[in-house]
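Structure first, then comments.
There are 2 protein chains.
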Amino acid sequence: MTVRSTCYRSPVRSLRVDAARNRAQLLAAAADEFAERGLDASVADIARRAGVAKGTVFRHFATKDDLIAAIVLDRVEALTASGERLLRADDAGAALLEFLHIAAEQRQQRDLSFLHGSATTDGVARAQGRLTATVDALVDRARDHGAVRDDVTGTDVFLLMCAPNYVTGYVPGAPPDLWRRYLAIIFDGLRPQGAHPLPVPPPS
Amino acid sequence: MTVRSTCYRSPVRSLRVDAARNRAQLLAAAADEFAERGLDASVADIARRAGVAKGTVFRHFATKDDLIAAIVLDRVEALTASGERLLRADDAGAALLEFLHIAAEQRQQRDLSFLHGSATTDGVARAQGRLTATVDALVDRARDHGAVRDDVTGTDVFLLMCAPNYVTGYVPGAPPDLWRRYLAIIFDGLRPQGAHPLPVPPPS
DNA sequence: ACCTGAACACCGTTCAAGT
DNA sequence: ACCTGAACACCGTTCAAGT
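Okay, here's the thing in structure tokens:
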């Protein structure tokens, strides 16, 4: 059985042509508007940019948060794909580091500071689950390779993944790749050399 | 000459008794409301909780952001005081680590996730400047003590300071001290042992 | 089946009228 | 000098009316 309960589920076939076009333009307009004005860009502006009426936004996305979630979902899935590709790399340590670079670059490119955040749909939760599984695998390989300390889990790395962008997010005239500095520091903290025991067990 | 241009400057003498009381109750009510409902608790609710009319809020704080800034300012100054006290500790490395513990605990206690954030008044900027200077001194001492790597600055530590709370902020059923785990990992990244060269120079 | 735009509730902010 | 509450502009969301 094909699930079709909600209209904002994700790329679904059997949308009327105009509806499909509107949905796509809405997502593009929202991504641009959020990138320019931040998350409190108004739904009215997004609708105008997409060339539809305000009501149409809410036909496709029940809520502004659902619209945000749809965008986040795309990014999370793209990142998962990158991670899965890197699982086949030779150097497991370098693969994990490159994954973290890709994650940070993606978040830098178009303001994705809202990966962490309030907009959590079931779909996003599931996608984050798949991403976590991928990060788990990357970390396991890196650990076997001696590139990551024994007491660090995939969930730890998943959580720390967003920190470099967060940390540099509010530095006024920061160069766009300042996050590299803090990723390097944090990654040094993940290495086995000179690791001190951790005071609290990992979550979930 | 005493500056008295704006009314929301900070604890200022020569407020009428009722005004001073209202201001204090407003700050307390706002802190509580923000802690409970997050930063988009409504000004109306805050006014009701403080027992004043909505208009009174804007007499004391020109803007909702200025109200937030006034609270943030208190916390930043308290943290600066803790840092200055720790400058007189024997073990400079332990002092820096304890400072970071105090910072994280303060942020955990009442949701201070908005230290970083949009609410930046001149007053907050100045207070953050003083806090940065204090962190600089703590880091310099720790570096001289061999507890922190040579290529890390006070600004680096200032920026990384908030990461442990951020990282754990969105973990659903997280124990309230989970931040300790990520502070430990990041602090290991700040140590001289096994440090790899950093790819980008520090900011400002 | 989908789109539109008027209407609603809510929110931050302003300000004339009060004491 | 300060407080009050009605009024305003704006925003997310709903929905009856259209195609």
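Top line first, the protein sequences correspond to chains U and S. Numbers 1 to 204, taken from the numbering used here, label the letters of the first sequence in order. Numbers 1001 to 1204, taken from the numbering used here, label the letters of the second sequence in order. For every residue, glycine included, the Cβ atom is placed at its ideal position computed from N, Cα and C. This structure is a prediction, so every number in the text was calculated from the model and none was measured.
Look at SER1014/S here: in three-state DSSP terms it is coil, with no helix or strand label.
In the three-state reduction of the DSSP assignment, GLY173/U falls in the coil class, being assigned neither a helical nor a strand state.
Annotated three-state conformation of SER1082/S is helix, per DSSP. The shortest C-alpha to C-alpha distance from TYR1166/S to any of ALA1103/S, ARG1126/S, ALA1142/S is the one to ALA1103/S. Its chain contains ALA1053, LYS1054, THR1056, VAL1057 as the residues whose beta carbon lies nearer than 7 Å to that of ALA1047/S, once the 5 sequence neighbours on both sides are disregarded; these appear in chain order. Cβ-Cβ separation between GLY1189/S and GLY189/U: approximately 3 Å, consistent with a contact (criterion under 8 Å). Spanning the alpha carbons of ARG181/U and ASP1045/S requires a straight line of approximately 42 Å.
Every alpha helix (DSSP H) stretch that sits fully inside the stretch 21-67 of chain U and reaches 4 residues is listed by chain position as 43-50, 54-60. About 5 Å separates the Cβ atoms of THR153/U and PRO202/U, confirming a contact at the 8 Å cut-off. Neighbours of ARG1181/S across chain U, judged by C-beta separation under 8 Å: ASP156, LEU198, PRO199, VAL200, PRO201, PRO202. Taking 7 Å as the threshold, the shortest C-beta distance from ALA41/U to chain S does not fall below it. Residue burial annotation: GLU36/U is exposed, with fewer than 16 other C-beta atoms found within 10 angstroms of its C-beta. Secondary structure note for THR1153/S: it is in no alpha helix (DSSP H), with a DSSP letter that is neither H nor E.
Contact annotation: ALA1095/S and LEU1086/S have beta-carbon atoms nearer than 7 Å. Annotation: PRO1175/S to VAL1017/S spans about 43 Å, alpha carbon to alpha carbon.
Boundaries of the alpha helix (DSSP H) around LEU183/U: 179-190. Secondary structure of ASP74/U (DSSP, three-state): helix. Contacts with chain S at 7 Å (Cβ-Cβ) include GLN193/U. Around the CB of ALA125/U, fewer than 16 other CB atoms lie within 10 Å, so the residue is classed as exposed.
By the neighbour-count definition (other C-beta atoms within 10 Å, threshold 16), GLY146/U is an exposed residue.
Counting only residues of its own chain and dropping the five nearest sequence neighbours on each side, GLU84/U has a CB closer than 7 Å to the CB of THR134. With its beta carbon less than 7 Å from one in chain U, ALA1184/S belongs to the interface. Looking at the backbone, the Cα of THR1132/S and that of THR1155/S are separated by about 7 Å. For ALA28/U, the closest alpha carbon among the candidates ALA62/U, LEU67/U, ARG59/U is that of LEU67/U. GLN1193/S sits in coil when the DSSP states are folded into three classes, being neither helix nor strand. Nearest to LEU1026/S by alpha-carbon distance, out of ILE1071/S, ASP1040/S, SER1014/S, ASP1177/S, is ILE1071/S.
Within chain U, the C-beta atoms nearer than 7 Å to that of ALA1163/S come from ALA163, TYR166, VAL167, in chain order. Following the DSSP letters along the chain, one finds ARG141/U inside the alpha helix (DSSP H) bounded by residues 122-144. By the Cβ-count criterion, ARG191/U is buried, with 16 or more other Cβ atoms from all chains shown falling within 10 Å of its own Cβ. Judged by beta-carbon spacing, LEU73/U lies beyond the 7 Å limit of GLY129/U, meaning their Cβ atoms are not closer than that value. The C-beta distance from LEU138/U to PHE99/U rounds to 6 Å, short enough to fall under 8 Å.
A straight line joining the alpha-carbon of ARG75/U with that of GLU1105/S spans about 33 Å. In chain order, ASP151 place their CB closer than 7 Å to the CB of LEU198/U, counting only its own chain and leaving out the 5 sequence neighbours on each side. For ALA147/U, the secondary structure class from DSSP, reduced to helix, strand or coil, is coil. CA-to-CA, the gap between PHE34/U and VAL1157/S works out to about 30 Å.
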